[in-house]
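Heads up, the thing below is written out as structure tokens.
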Amino acid sequence: MPCPEPFFSAPGKHEFQGRSYSVAWSLPQPRIAYLENLLTADECRQLREYALEEIPATHQPVSPDSGEESLGYTGDGMYADEARHPLCGDIRRRLAALMQWPSNRCEVLNIHRYSPGNGFHAHHDWFDEDQCAAGDYQTHEYGNRVASVILYLNEPEEGGSTSFELGLDVAPKQGAGLFFAYPGRDPRILHAGSTVARGEKWIANLWFRERNPRDGK
Ligand SMILES: O=C(O)CCC(=O)C(=O)O
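Going by the working numbering, the sequence shown opens with residue 147, and the numbers climb by one from there.
In structure tokens form, the structure reads like this:
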């Protein structure tokens with residue numbers, strides 16, 4: 147099954163479309179890669195500030211009506227409105243190109259703030275069979291998620307790693323992105339956001355879908 151894949155994977159520095167990136171490390175199976183310099187410090191700041199305008203000032207669990215909190219996803223989150231903040235669309239298109247995937251098969255950025263005590267229990271980013279059968283999350287139109295990039299917009303003071311059940315614990319580095327692919331609902335990619343002990347943790351998720359209904363039109 148075709149899947150997003152970074153343009154380069156050897157550890158070290160690479161150039162792509164006039165920007166420099168580094169691969170800190172990369173695993174072939176399941177496909178996981180930690181890429182640095184995906185965002186500048188200024189872009190990270192702009193995304194955090196934009197999200198703060200949208201996130202209610204009072205502390206709210208993410209999507210209180212969606213049941214996501216019962217999955218252990220706590221903190222505050224929002225989906226980017228690219229018309230209001232065009233940088234979010236620029237980043238989506240830039241990362242889609244880097245991952246060699248059509249940008250119209252990527253969801254808009256999902257920005258999330260974890261405060262101390264917040265985290266996300268072990269989960270998969272893909273939608274299960276029942277969700278796909280019901281067409282939840284526009285799965286009838288766009289298919290399932292097949293890959294993710296978690297962009298780290300800052301570094302928490304303590305805690306807040308992204309932790310994979312297969313034994314990987316990834317510390318957030320500002321501007322870096324953790325790419326992982328899971329075509330066909332690969333169960334090995336079970337992961338969690340460890341509880342933030344001190345400071346805040348900010349991420350932006352970019353999720354890649356199988357298709358776009360306008361493909362080929
Ligand atoms: O916060 C993290 O490190 C993981 C986030 C995550 O898995 C998600 O938002 O789906």
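Quick reminder that beta carbons are idealized off the backbone N, C-alpha and C, glycines included.
Remember, predicted model here, so these are calculated numbers, not experimental data.
Q. P157: buried (16+ other C-beta within 10 angstroms of its C-beta) or exposed?
A. exposed
Q. Straight-line CA distance for T308 to Y167?
A. Each residue's alpha carbon lies about 21 Å from the other.
Q. Using CA coordinates, which residue listed in L244, R259, Q163 and D315 is at the minimum distance from R344?
A. R259
Q.
List, from N- to C-terminal side, the beta strand (DSSP E) runs of 3 residues or more that fit wholly inside the segment 157-190.
A. Positions of the beta strand (DSSP E) runs, each at least 3 residues long and wholly inside the segment 157-190, are given as 158-162, 165-173 and 178-182 in order along the chain.
Q) In three-state DSSP terms, what is C234? A) helix
**Q.** Own chain residues within Cβ distance below 6 Å of G289, not counting five before or after
**A.** R355, E356 and R357
Q.
Please report the straight-line C-alpha distance between V292 and P333, rounded to a whole angstrom.
A. 12 Å
Q.
Relative to the C-alpha of E275, which candidate in G330, L299 and C234 has its C-alpha closest?
A. G330
Q. Based on the DSSP output, what are the partners of D222 in its beta bridges?
A. R259
Q. Roughly how many angstroms lie between the CA atoms of E303 and R194, to the nearest whole one?
A. 17 Å
Q) Which whole runs of the beta strand (DSSP E) in the segment 273-339 are 3 residues long or more, in chain order? A) If only uninterrupted beta strand (DSSP E) runs of at least 3 residues are considered, those enclosed by the segment 273-339 are 291-298, 308-310, 314-316, 323-327 and 337-339.
(Q) For G213, count the other beta carbons within 10 Å of its own beta carbon; 16 or more makes it buried, fewer makes it exposed. Which is it? (A) Only weak support exists for where G213 lies, its pLDDT of 47 falling under 50; the coordinates are left without a value.
Q) What are the start and end residues of the beta strand (DSSP E) that includes F266? A) F266 to H269
Q: Can you grab the Cα-Cα spacing for the pair Q320 / Y225, in whole Å?
A: 20 Å
Q. Taking 7 Å as the line, does the beta carbon of D271 fall inside it for any heavy atom of ligand 1?
A. yes
Q | Through-space distance from Y328 to A242, alpha-carbon basis | A | 16 Å
**Q.** Residue closest to E311, alpha-carbon to alpha-carbon, out of P318, V295 and L336
**A.** L336
Q: Could you pull out every residue in the same chain whose Cβ sits closer than 6 Å to the Cβ of N250, ignoring the five residues on either side in sequence?
A: N358
(Q) Between A187 and chain D, is the shortest Cβ-Cβ distance under 8 Å, so that the two count as touching? (A) You won't find chain D in this structure, because it holds only one protein chain.
Q: Report yes if the CB atom of L255 is closer than 8 Å to the CB atom of A350, and no otherwise.
A: Taking 8 Å as the Cβ cut-off, L255 and A350 qualify as a contacting pair.
Q. Would DSSP call A197 helix, strand or coil?
A. Residue state, collapsed to three classes: helix.
Q. Taking 7 Å as the line, does the beta carbon of N351 fall inside it for any heavy atom of ligand 1?
A. Correct: N351 has its Cβ closer than 7 Å to ligand 1.
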